[in-house]
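Q:
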Amino acid sequence: MDKVDLKTLIPATANTIAAHADELTALDQAIGDGDHGLNMKRGFEAVRAEAEAFAAKPLPEALKAIGTKLVMTVGGASGPLFGTLFMALGKDISAEPDHANLAAAFGKAI
3 MDKVDLKTLI PATANTIAAH ADELTALDQA IGDGDHGLNM KRGFEAVRAE AEAFAAKPLP
63 EALKAIGTKL VMTVGGASGP LFGTLFMALG KDISAEPDHA NLAAAFGKAI
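In our numbering, the protein residues as written are 3 to 112.
1. Quick one: grab the DSSP three-state call for Lys66.
2. Alpha carbon to alpha carbon, how far is Glu25 from Ala102? Give it in angstroms, no decimals.
3. So, is Ile33 buried or exposed, given that buried needs 16 or more other C-beta atoms within 10 angstroms?
4. Is Ser96 helix, strand or coil by DSSP?
5. Using 10 angstroms around the beta-carbon of Ile112, count the other beta-carbons present and answer buried if the total reaches 16, otherwise exposed.
6. Figure out for me which residue from Ala53, Leu61, Leu65 has the closest Cα to the Cα of Phe84.
7. Short of 8 Å in beta carbon distance, which residues of its chain neighbour Pro60, apart from the five on each side in sequence? Order them along the chain.
8. Tell me the DSSP secondary structure of Ala79 in three-state form.
9. Could you tell me the distance, in whole angstroms, from the CA atom of Gly45 to the CA atom of Gly92?
10. Name the residue from Ala55, Ala79, Val76 whose alpha carbon lies nearest to the alpha carbon of Lys9.
11. Locate the alpha helix (DSSP H) running through Asp24, then write down its first and last residues.
12. Whole angstroms are fine: how far does the CA of Phe88 sit from the CA of Ile68?
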């Protein structure tokens, strides 16, 4: 994973969440307040808006910054949950992770 990957992954993730926002919201309506899809879409659109700035940072710092952005923009319980995941991932991932480091950092972040 490197800067090129982040430039690809950020918009791909934002696009996927936007494409499924209605589905996420419908699922949330069955058990919650029905705003999960909208909140996640808003958060990842905010991340996409700063994709170039995130990609310019070393990977650990980029992931921490993405996490902070999600905490600030997603809202509800999902903002802190997803934001903390990214921030924790940024603490344990190396600047140029291999598959083993990525898997270990992700496992620890969860």
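Backbone N, C-alpha and C define an ideal beta-carbon position, used for all residues, glycine too.
A: The short version:
1. Start at 1 with the first residue of the sequence shown, and residue 66 comes out as number 64. Helix, per DSSP.
2. Working through the sequence shown from its first residue, we reach residue 102 at position 100. Working through the sequence shown from its first residue, we reach residue 25 at position 23. When rounded, the distance between both Cα atoms is 33 Å.
3. Translated into positions along the sequence shown, residue 33 becomes position 31. Answer is exposed; the Cβ neighbour count stays below 16.
4. As a first step, residue 96 must be located in the sequence shown, where it is residue number 94. Coil, per DSSP.
5. Working through the sequence shown from its first residue, we reach residue 112 at position 110. So Ile112 ends up on the exposed side.
6. Within the sequence shown, numbered from 1, the residue matching residue 84 stands at position 82. Taking only the C-alpha atoms, the option nearest Phe84 is Leu65.
7. The sequence position of residue 60 within the sequence shown is 58, counting from 1. Hits under 8 Å: Ala97.
8. Residue mapping note: residue 79 aligns to position 77 of the sequence shown, counting from 1. Correct three-state label for Ala79: coil.
9. Here residue 45 corresponds to residue number 43 of the sequence shown, with the count starting at 1. Here residue 92 corresponds to residue number 90 of the sequence shown, with the count starting at 1. Spanning the two alpha carbons is a distance of roughly 18 Å.
10. Working through the sequence shown from its first residue, we reach residue 9 at position 7. Nearest C-alpha to Lys9: Ala55.
11. Counted from its first residue, the sequence shown places residue 24 at position 22. Run containing Asp24: 23 to 33, per the alpha helix (DSSP H) assignment.
12. As a working note, residue 68 is residue 66 in the sequence shown. As a working note, residue 88 is residue 86 in the sequence shown. Taking the straight line from one Cα to the other gives about 7 Å.
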